[in-house]
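*Asks:* Residue numbers (my numbering): 542 to 648.
Glycine residues also receive a C-beta, built at the ideal position from the N, C-alpha and C atoms.
Okay, handing you the structure first.
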Ligand code: FES
């Protein structure tokens with residue numbers, strides 16, 4: 542695969558119940574991660590853009606988190622319902638989804 546124009550990283554870190562930092566799995570990332578994979582499949586985006594499950598991205602308290610490069614935009618509290626907007630507006634439309642960005646003092 543040539544260098545993709547955008548790369549989406551979805552935090553799927555699991556620290557287990559009761560951990561003081563929490564984690565994106567505890568915050569419900571699994572359904573959202575599955576939706577990204579589903580949308581990549583039905584929209585035939587594999588091979589055109591990169592999508593990777595990753596460990597902790599840092600701002601766990603705002604999770605589930607999604608990071609998009611090359612812009613370095615961090616999205617927080619992302620749900621399954623937000624996946625289409627990230628794909629339509631940011632990945633395909635080059636316009637980051639402002640309402641989903643974590644606060645500027647966090648990232
Ligand atoms: S556990 Fe997901 S950002 Fe830290």
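(1) Between the Cα of residue 555 and those of 548, 599, 566, 609, spot the shortest distance and give me the residue it belongs to.
(2) Examine the ligand FES and report whether any of its heavy atoms sits within less than 7 angstroms of the Cβ of residue 641.
(3) Starting from residue 560, follow the beta strand (DSSP E) in both directions and report where the run begins and ends.
(4) May I ask you to check if the CB of residue 633 is nearer than 7 angstroms to at least one heavy atom of the ligand FES?
(5) For the ligand FES, is there any heavy atom lying closer than 7 angstroms to the beta carbon of residue 598?
(6) Report the rounded CA-to-CA distance for residue 633 versus residue 643, giving the unit in angstroms.
(7) How far does the alpha helix (DSSP H) with residue 579 in it extend, from its first residue to its last?
(8) Mapping DSSP to helix, strand and coil, what is residue 632?
(9) Taking residue 627 as the reference, which of 576, 645, 594 has the closest Cα?
(10) Check each candidate in 545, 547, 593, 602 and name the one with the smallest Cα separation from residue 569.
*Replies:* Result, derived from the coordinates:
(1) 566
(2) no
(3) Premise fails: residue 560 is in no beta strand (DSSP E) and is neither H nor E.
(4) no
(5) yes
(6) 21 angstroms
(7) 570–583
(8) helix
(9) 576
(10) 602
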